[in-house]
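Order-wise, the sequence lines are chains A and B. Residue numbers for the first sequence follow the numbering used here, beginning at 1 and rising by one. Residue numbers for the second sequence follow the numbering used here, beginning at 1001 and rising by one. We treat Cβ as the ideally placed atom computed from N, Cα and C, and that holds for glycine. Only a predicted model underlies this, so the values are computations on that prediction, with no experimental measurement involved. Report on the structure given below.
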Amino acid sequence: MIFCDARRIEGPACILIIDFDAAAGSPDREPDGVFSIFRKQVGALVSMVYGVGEQFFDYKLHPAALVWPETGTGSRTADEQQCLGQKLRVRANAGSLVDHIRNLTMGTVMWKSNIDPLRMLVTALIAGTTACAWAADEAGTVKTARGTVTVERQGSKLPVAPGFKVQAADRVTTGPDSAVGITLRDQTMLSAGANASLTLDKYAFNPSTHEGALEASVRRGSLAVISGKLAKSSPDAVRFRTSTVTLGVRGTKFVIEAADRDE
Amino acid sequence: MNLAIVGVAALIIWLQSEPPKQDRIVLLPDADGGSGAVVVRSATGEQLINQAYQSAQVGRDGAISLRQEDAAVQQTRYQEVLKALPLPPVSFTVYFHLDTADLTAESQAIVNSMKAELGRRPAPEIQVVGHTDRLGSNEDNDVLSGRRAQTVKELLVNTGISADQIVTSARGEREPVIPTADEVAEPRNRRVVISIQ
């Protein structure tokens, strides 16, 4: 059963979560999905970004979003105190929340142990009125496509045309006499030539703070890059890789040619 | 014996015509003619390339050799991949006037330019980013810049641009055009930047 009774989070929020994969296995789970007692207490205090909460808790986009009501109080660290504010109640399936947080929070997760085992606490501090219309997983948009361009995503091969929304973990491949151009949310521009294979390993970008990360690997073919806001504000957060090298980028335009090696 | 020599010569010629099995990175000039830098790290070494057309070629053992390429590679070896790069984003800045909801003549001209851009780009996206000066707290300015961006979004939607194409963000006081000390009013920082990519 899935439902969401939370308002849209329209600003920065902090969410304290528990490892739901472990919780899902608990025999104390009630049939309707409300967890009351949990065995494992690994929590993550997650600093969320503008708009992330909105997509995340917008059950229309992510029916698996969740929150659990606080059923009691425990002692809290200073970080948690800072995050406490209005409490939300939303429900979800185990696992998806952690995955979403991992993809979206750009390394701000702090893992704590021994959080009060008897309760799951999710609180959100609502501030600001910024509404972000991006789907949570969207990293960028294909702007040019010529010939045969495909994206492999979760085992499926998707045909690509201008307007296609690229996500982190997508592998973009091009056939002979083909090419593709993509603009990412932070205005990094990428293009791949013929017979290329490139994976967007990691992508996150906070348009308010310009924090985030971009990691991409080129398995074969040519990749042209014009770096954007991410490289400008945190060059160390942008990494390109081939089978032989890792590249650190300092605000620039360059081409990577990866030799095709049968591995 | 002659056949063997011919055979070896043919082998050598064939090997030299094969594409090099090495990874290569070439730095190109920026739009403004400068060049950034790329740090190339292999298992065994590290090199910095920071001149336009400088390249790093990486051997299987991780050895990195630097070379200077000809500018013409942009029209030869890299022509197709560079041609596939998207159009760079364009930006329009709107200064925020608190006392009017109507578009001034200048703002209308901006909207016309924007619509022209939208027309010439495949799959265009609009980012509306609100900014403030440093008067007020960071948090208040986050909220205020968000509201400014939202107001501009509404103005754009009223001109007929689809709301689905517009994403708003609040940058607060983080990115002033004119740097000032904290708590200093600066009208030129009170702006909304509209980018089309």
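When Cβ-Cβ separations below 7 Å define contact, residue 229 of chain A makes no contact with chain B.
Straight across, the Cα-Cα distance linking residue 147 of chain A with residue 1083 of chain B is about 14 Å. Residue 1172 of chain B and residue 1028 of chain B have their C-alpha atoms spaced approximately 34 Å apart. Relative to the Cα of residue 1069 of chain B, the nearest Cα in the group B:1040, B:1115, B:1055, B:1169 belongs to B:1055. Secondary structure remark: continuous alpha helix (DSSP H) runs of at least 4 residues inside the segment 1057 to 1135 of chain B, in chain order: 1079 to 1083, 1105 to 1120. With a cut-off of 8 Å on Cβ pairs, the segment 203 to 223 of chain A is in contact with the segment 1167 to 1182 of chain B, counting three or more such pairs.
Residue 157 of chain A and residue 177 of chain A have their C-alpha atoms roughly 19 Å apart. For a Cβ distance threshold of 8 Å, residue set 245, 246, 247, 248 of chain A lies close to residue 1041 of chain B, ordered along the chain. Residue 213 of chain A: member of the beta strand (DSSP E) spanning 212 to 226, first to last residue. What residue 1187 of chain B touches in chain A, judged by beta-carbon distance under 9 Å, is nothing: the nearest beta carbon there is about 22 Å away.
For residue 159 of chain A, the secondary structure class from DSSP, reduced to helix, strand or coil, is strand.
Here the alpha carbon of residue 196 of chain A sits roughly 8 Å from the alpha carbon of residue 179 of chain A. For the set A:250, A:189, A:159, A:223, the Cα lying nearest the Cα of residue 1023 of chain B is the one of A:223. Between residue 1058 of chain B and residue 244 of chain A, the C-beta spacing is below 7 Å. Taking 7 Å as the threshold, the shortest C-beta distance from residue 1036 of chain B to chain A falls below it. Within a 10 Å sphere around the beta-carbon of residue 140 of chain A sit 16 or more other beta-carbons, which makes this residue buried. In this structure, the CA atom of residue 1190 of chain B is about 40 Å from the CA atom of residue 1040 of chain B. Looking at the DSSP output, residue 1041 of chain B bridges to A:246, B:1046.
The C-beta distance from residue 193 of chain A to residue 1143 of chain B rounds to 45 Å, too long to fall under 8 Å, and the pair is not in contact.
Its Cα nearest to that of residue 170 of chain A, the residue A:155 stands out among A:191, A:162, A:155. In the three-state DSSP reduction, residue 1161 of chain B falls in the coil class, being neither helix nor strand.
For residue 233 of chain A, no beta strand (DSSP E) run applies; the uninterrupted alpha helix (DSSP H) run containing it begins and ends at 229 to 233, by DSSP. Note: residue 197 of chain A is bridge-paired with A:173, A:220 in the DSSP secondary-structure output. Taken through DSSP and simplified to helix, strand or coil, residue 1169 of chain B comes out as strand. Sixteen is the threshold: since fewer than 16 other Cβ atoms of the shown chains lie within 10 Å of the Cβ of residue 1108 of chain B, the residue is exposed. Residue 183 of chain A carries a strand assignment under DSSP once its states are collapsed to helix, strand and coil. Under the criterion of beta carbons closer than 8 Å, residue 1148 of chain B and residue 1192 of chain B qualify as touching, at roughly 5 Å.
Here residue 1124 of chain B is buried. Its C-beta has 16 or more other C-beta atoms within 10 Å. Against chain A, a Cβ distance below 7 Å from residue 1062 of chain B picks out 244. Of all alpha-carbon atoms in B:1062, B:1002, B:1053, B:1095, the one lying nearest the alpha-carbon of residue 1075 of chain B is that of B:1053. Think of a sphere of 8 Å around the beta carbon of residue 1172 of chain B: the chain A residues whose beta carbon falls inside it are 208, in chain order. The segment 1154 to 1163 of chain B makes no contact with the segment 1130 to 1140 of chain B: fewer than 3 CB pairs, one atom from each, lie closer than 8 Å. For residue 257 of chain A, the uninterrupted beta strand (DSSP E) segment begins and ends at 253 to 258. Judged by DSSP secondary structure, residue 1195 of chain B falls within the beta strand (DSSP E) whose first and last residues are 1191 to 1196. For residue 1049 of chain B, the number of other beta carbons within 10 angstroms of its own is at least 16, and it is reported as buried. Taking the C-beta atoms as reference points, residue 1165 of chain B is found no nearer than 7 Å to residue 1110 of chain B.
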